[in-house]
Amino acid sequence: MKAILLKEPGTPLVLENIPDPSPGAGEAVAKVLACGAGLTIHHARAGRIKVATPRVLGHEITAEIVAIGPGVTQLKRGDPVTAYFYMTCAECKWCRVNRETLCENFRGYVGREIDGGYAEYIRLPVSSFIRIPDTLDWREHPAEVGVICDAIATPLKVTRKARIAPTDTVAVFGAGGGLGVHMLQVARWAHARKVIAVDLAAAKFEACIKAGADVTVDASEGRVAEQLLEATGGRGIDVAIDFVSAASTAEAAIAALGKGGRYVTLGGHGGTFAVNPGEMLRKELELLGSRYATREEVIESLELVARGELWPMVTEKVPLEQAEALHQRLEKALVTGRAALMTG
Ligand SMILES: [Zn+2]
Numbered sequence: 017m018k019a020i021l022l023k024e025p026g027t028p029l030v031l032e033n034i035p036d037p038s039p040g041a042g043e044a045v046a047k048v049l050a051c052g053a054g055l056t057i058h059h060a061r062a063g064r065i066k067v068a069t070p071r072v073l074g075h076e077i078t079a080e081i082v083a084i085g086p087g088v089t090q091l092k093r094g095d096p097v098t099a100y101f102y103m104t105c106a107e108c109k110w111c112r113v114n115r116e117t118l119c120e121n122f123r124g125y126v127g128r129e130i131d132g133g134y135a136e137y138i139r140l141p142v143s144s145f146i147r148i149p150d151t152l153d154w155r156e157h158p159a160e161v162g163v164i165c166d167a168i169a170t171p172l173k174v175t176r177k178a179r180i181a182p183t184d185t186v187a188v189f190g191a192g193g194g195l196g197v198h199m200l201q202v203a204r205w206a207h208a209r210k211v212i213a214v215d216l217a218a219a220k221f222e223a224c225i226k227a228g229a230d231v232t233v234d235a236s237e238g239r240v241a242e243q244l245l246e247a248t249g250g251r252g253i254d255v256a257i258d259f260v261s262a263a264s265t266a267e268a269a270i271a272a273l274g275k276g277g278r279y280v281t282l283g284g285h286g287g288t289f290a291v292n293p294g295e296m297l298r299k300e301l302e303l304l305g306s307r308y309a310t311r312e313e314v315i316e317s318l319e320l321v322a323r324g325e326l327w328p329m330v331t332e333k334v335p336l337e338q339a340e341a342l343h344q345r346l347e348k349a350l351v352t353g354r355a356a357l358m359t360g
């Protein structure tokens with residue numbers, strides 16, 4: 017099969033022919049139609065996240081089961097599937113209470129510890145596949161359906177962690193990025209009163225408004241906390257969602273929180289930031305971390321898109337051969353929303 021390989025961290029992706037995978041016990045093989053290309057994957061390509069090479073990257077798939085291994089009863093040939101990004105044990109305390117992103121026996125990620133979706137076929141443990149509902153037209157929209165398992169599911173979880181309510185003003189930091197635009201969309205869907213997009217790249221504000229932002233804040237002008245306070249008549253924002261999570265964005269976001277404010281970080285590479293506990297006490301602030309989503313939230317996200325309540329923003333769809341060129345654009349932050357590799 018044709019596959020895009022990362023041979024060494026930080027080197028260009030290459031297209032090669034490698035043997036077709038065949039399923040072992042408890043595994044299935046699916047034909048990939050499309051695979052989303054986001055920053056999480058790009059960090060592995062760029063060598064900023066550890067990945068054993070050679071490796072086929074990618075986890076945001078739309079695929080169709082073509083072969084099942086011994087003992088597999090949960091899936092059959094022809095089933096449409098997407099993937100659950102994390103490989104979790106299903107048995108530890110956190111898995112049993114539906115908080116599997118905290119799994120104590122974490123086995124890694126699809127497309128990092130095992131080969132992912134940047135190829136014509138993908139082989140995964142059955143537990144890593146999630147069936148796509150029949151009501152979702154995956155053949156017609158494989159790129160959009162593929163990215164749901166991360167680009168919609170991750171923001172859906174945030175709306176719950178931050179308890180976004182109809183009275184809330186929500187600001188999204190890094191709003192023009194792949195997860196950011198979807199966070200705007202899902203915050204709007206969750207009935208936020210006002211949604212504010214914060215980004216350094218003003219060129220992405222049009223897409224932010226299309227995704228549901230009411231107001232944009234150009235972070236390249238500085239004074240971000242002040243701009244957010246001005247946008248809320250001095251009251252401050254209720255929820256700050258930070259996809260950048262540098263010390264500067266975290267501190268600006270927290271400084272802009274009003275009473276009862278919640279700060280949510282989804283970035284893992286920022287520096288240490290300072291918070292005044294007296295401020296936290298006086299305003300009853302909450303500082304939260306949110307990792308990916310549960311399988312349940314992926315299934316719910318598929319359902320919401322199937323019903324037409326949400327629709328992923330995939331702005332670039334390219335063939336496998338252009339994977340490296342696409343990643344060059346991701347490196348330069350030139351992709352708005354999500355991009356996808358089309359394999360089918
Ligand atoms: Zn577990």
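17 is the number of the first residue of the sequence shown in the numbering used here; add one for each residue after it. The beta carbon of each residue, even a glycine, is placed where N, CA and C say it ideally should be.
Ends of the alpha helix (DSSP H) at residue i?
i, result
"G132", "Run containing G132: none; DSSP gives neither H nor E here."
"M17", "Here M17 belongs to no alpha helix (DSSP H), and DSSP marks it neither H nor E."
"I77", "Segment 76 to 84 is the beta strand (DSSP E) holding I77; no alpha helix (DSSP H) there."
"L297", "293 to 299"
"I225", "221 to 227"
"M358", "Not the alpha helix (DSSP H): M358 falls in the beta strand (DSSP E), residues 354 to 358."
"E340", "339 to 347"
"C111", "109 to 112"
"P171", "169 to 177"
Have a look at the options and flag the residue whose alpha-carbon is nearest the alpha-carbon of residue i.
i, options, result
"V72", "M17, P149, G287, A309", "M17"
"E237", "A217, V97, A229", "A217"
"V373", "R176, E242, L91, R251", "Outside the shown range of the chain, which is 17 to 360, sits residue 373, and nothing can be said about it."
"L118", "A309, K210, L244, L273", "A309"
"V351", "I130, V330, T248", "V330"
"G283", "G196, A159, D131, G252", "G196"
"G228", "A219, M199, P86, A41", "M199"
"G40", "I34, K210, A60, G87", "G87"
"H59", "G353, R354, L346", "L346"
"L265", "T248, L244, G276, L140", "The residue asked about is misnamed: residue 265 is Thr in this sequence, not Leu. Nearest C-alpha to T265: L244."
"N292", "H285, F189, S144, I270", "I270"
"K333", "K220, E160, T248, P35", "E160"
"K220", "A191, E302, L320, E316", "A191"
Below 8 Å between beta carbons: does that hold for residue i and residue j?
i, j, result
"E24", "R311", "no"
"G52", "D215", "no"
"A19", "Y134", "yes"
"I212", "A187", "yes"
"I77", "I164", "no"
"D258", "Y279", "yes"
"A50", "G193", "no"
"A365", "A235", "Residue 365 falls outside the range modelled here, since the chain spans only 17 to 360, and no answer is possible."
"I148", "L318", "yes"
"R112", "V67", "no"
"L336", "L31", "yes"
"A268", "A290", "no"
"V314", "I130", "no"
"V13", "G360", "In the structure as shown, the chain begins at 17 and stops at 360. Residue 13 is therefore absent and cannot be evaluated."
"A263", "T288", "yes"
"K173", "S261", "no"
"L357", "A341", "no"
"S38", "A83", "yes"
"G274", "R251", "yes"
"E43", "G85", "yes"
"T175", "A206", "yes"
Which residues mark the beginning and the end of the beta strand (DSSP E) in which residue i is found?
i, result
"L31", "30 to 33"
"K333", "330 to 335"
"E319", "Note, E319: premise wrong, no beta strand (DSSP E); alpha helix (DSSP H) at 311 to 322."
"T185", "185 to 189"
query = Do the segment 182 to 202 and the segment 120 to 130 touch if we need at least three Cβ pairs shorter than 8 Å?
reply = no
query = Counting Cβ pairs closer than 8 Å, one from the segment 324 to 332 and one from the segment 292 to 309, do we hit at least three?
reply = no
message = For the pair the segment 101 to 113 and the segment 23 to 40, tell me if three or more CB-CB distances fall below 8 Å.
response = no
ask   = Just checking, does the segment 150 to 161 make contact with the segment 223 to 239 on the three C-beta pairs under 8 Å criterion?
value = no
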